[in-house]
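With this note's numbering applied, the sequence shown corresponds to residues 0 to 264, in that order. Only one structure is covered here, and it is reproduced in the block below.
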Amino acid sequence: MKTAITKLLNIEAPVIQGGMAWVAEHCLATAVSEAGGLGIIGAASAPAEWVREQIRLVKEKTNKPFGVNIMLMSPYAKDVAKVVVEEKVPIVTTGAGSPEKYMKMWKEAGIKVIPVVASVAMAKRMERSGADALVAEGTEAGGHIGENTTMVLVPQIADAVQIPVIAAGGIADGRGMAAAFMLGAQGVQIGTRFVASQEAQVHENYKNCIVKAKDIDSRVTGRSTGHPVRALRNQMTKTYLEKEQAGVPFEELELLTLGSLRKAV
């Protein structure tokens with residue numbers, strides 16, 4: 000299937016693998032790129048040298064296009080932003096902030112930049128700053144989320160910008176992909192579904208939880224703090240929501256989540 004995204008990124012299928020923290024490592028990214036999609040290394044809050052190692056491991060196993068997702072809230076974001084230039088990474092996706100201060104450096108290095116956005120206003124801003132495409136991510140997504148649903152967000156952003164739009168949030172199969180294309184997207188980003196893949200280097204218990212999850216099995220924490228995050232329902236989300244409703248300060252709430260995903264995988 001050929002779209003504006005497959006042409007832009009030189010990939011065979013308009014499928015981008017989400018840059019999930021501690022899940023989107025070299026094994027998964029390589030497998031997705033080899034299959035014709037765009038594999039992504041999730042830099043998350045990892046040090047720059049770990050990201051460099053992951054990049055080199057992918058390059059050893061495939062000559063297909065791949066990318067790195069940079070979480071701009073990370074204390075290592077500035078260093079990782081330089082590493083992707085030094086290692087000649089062809090594509091960068093970004094989240095949790097604006098990549099504008101790195102855009103000139105990346106564009107001069109020939110890197111294609113794809114920010115993740117959750118509003119029309121941010122989409123327009125990223126287009127003006129030089130983004131090559133956008134991921135329009137709805138609130139159905141796992142991890143950090145906005146408030147608009149994928150169904151509502153994607154067509155509005157597709158109408159508002161001239162660059163290609165990639166739909167994300169709640170997409171896990173061909174039906175979701177077909178719906179995204181009807182809404183005006185030129186590709187899809189899929190995250191959670193890849194957690195349950197053989198190539199994802201995470202614990203089998205985590206994969207089984209993903210596969211067995213039903214419609215009521217996710218929770219959104221952090222709405223009152225302005226940092227909403229969707230996760231599988233578990234003891235941590237239960238405790239977090241109880242403390243959040245009790246008015247516990249954000250800094251104390253964050254202590255509940257530190258390292259929790261790393262333990263899970």
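Backbone N, C-alpha and C define an ideal beta-carbon position, used for all residues, glycine too.
Could you spell out the range, first to last residue, of the alpha helix (DSSP H) harbouring residue i?
i: L37; result: No alpha helix (DSSP H) holds L37; DSSP gives it neither H nor E.
i: R192; result: T191 to V194
i: G94; result: Note, G94: premise wrong, no alpha helix (DSSP H); beta strand (DSSP E) at I90 to G94.
i: Q312; result: This structure cannot settle anything about residue 312, because the visible part of the chain is limited to 0 through 264.
i: I54; result: A47 to K60
i: V83; result: A76 to E85
i: L240; result: Q234 to Q244
i: V247; result: Neither: V247 is in no alpha helix (DSSP H) and is coded neither H nor E.
i: L133; result: No alpha helix (DSSP H) holds L133; the beta strand (DSSP E) holding it covers L133 to E136.
Keeping to the same chain, check which residues put their C-beta closer than 8 Å to that of residue i; ignore five residues upstream and five downstream.
i: L71; result: T93, G94, A95, G96, S97 and P98
i: I40; result: G18, A23, E24, H25, A28, V50, Q53, I54, V57, F65, G66, V67 and N68
i: D216; result: L231 and R232
i: K242; result: E251, L252 and L255
i: A199; result: V22, C26, L27, F193 and K206
i: L240; result: R218 and T220
i: H226; result: H143 and F249
For the beta strand (DSSP E) containing residue i, list its first residue and its last residue.
i: S118; result: It is not in any beta strand (DSSP E) - S118 carries neither H nor E in the DSSP assignment.
i: L231; result: V228 to L231
i: R218; result: S217 to T220
i: Q161; result: That residue, Q161, is in no beta strand (DSSP E); it is neither H nor E in DSSP.
Count the other CB atoms within 10 Å of the CB of residue i; is the residue buried (16 or more) or exposed (fewer)?
i: K213; result: exposed
i: L27; result: buried
i: P74; result: exposed
i: R55; result: exposed
i: G36; result: buried
i: F249; result: exposed
i: K77; result: exposed
i: Q188; result: buried
i: A45; result: buried
i: V151; result: exposed
i: G246; result: exposed
i: M176; result: buried
Looking only at its own chain, which residues have a Cβ that is under 7 Å from the Cβ of residue i, when we skip the five neighbours before and after it?
i: T148; result: G137, T138 and E139
i: E146; result: T138
i: M125; result: P114, V116 and L133
i: I209; result: T191, V194 and A195
i: P13; result: M0, T2, I4, T5, Q185, G186 and V187
i: D131; result: L7, K111, V112, I113 and I162
i: T236; result: R218, T220 and A230
i: E11; result: T5 and G35
If residue i and residue j are in contact, beta carbons under 8 Å, what's the gap, nearest whole angstrom?
i: R229; j: I144; result: 5 Å
i: W105; j: V112; result: 5 Å
i: V164; j: A135; result: 5 Å
i: V79; j: A47; result: 5 Å
i: V153; j: A166; result: 5 Å
For residue i, which residues from the same chain have a beta carbon less than 6 Å from its beta carbon, with the 5 sequence-adjacent residues on both sides left out?
i: G169; result: E139 and T149
i: V160; result: A122 and E126
i: S32; result: G38, T61, K63 and F65
i: A157; result: V164 and G183
i: V83; result: V67 and V91
When the cut-off is 8 Å and only beta carbons count, does residue i lie next to chain C?
i: I4; result: Among the chains of the structure shown, chain C does not appear; only one protein chain is present.
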